[in-house]
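Enquirer:
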Amino acid sequence: DWGFAGDYVEAMWLMLQQDAPDDYVVSTGETHTVRSFCELAFGRVDLDWEQYVKVDERFFRPAEVDLLVGTHAKAKKQLGWEPKTSYPELVNMMVDADV
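Per the working numbering, residue -3 is the first one in the sequence shown, and the count goes up by one each step.
(1) Compare the Cα-Cα distances from residue 16 to each of 92, 86, 84 and 74 and report the closest residue.
(2) Within its chain, find whatever has a CB closer than 8 Å to the CB of residue 33; leave out the 5 residues flanking it on each side and keep chain order.
(3) DSSP on residue 98, reduced to helix/strand/coil?
(4) Does the count of Cβ pairs from the segment 48 to 64 and the segment 6 to 14 closer than 8 Å reach three?
(5) I need the DSSP call for residue 5, collapsed to helix, strand or coil.
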């Protein structure tokens, strides 16, 4: 999951405000690839990611799960929580913090 830690901390705080403990999935409910991260991050600084990143299939996991997405429906219903920071905003924040 590619989510903003600040959003997740807010979810944790809301969990702690409940009368009884419970289990929640804290996630964005979205899936993104490392390729899309590279496209956005390098695009933020006007660079072509393919000029800097090498893909080596030897490091691909042979038994990788094709799709794994969390749902924060219970957290939204019971805590009123949902992520506020979008994936592109998160990538921009990360790049901006390092340039």
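Cβ coordinates follow ideal geometry from the N, Cα and C atoms, glycine included.
Expert: Straight from the coordinates:
(1) 74
(2) -2 and 87
(3) Limits of the chain in this structure are -3 at one end and 95 at the other, which puts residue 98 out of reach.
(4) no
(5) helix
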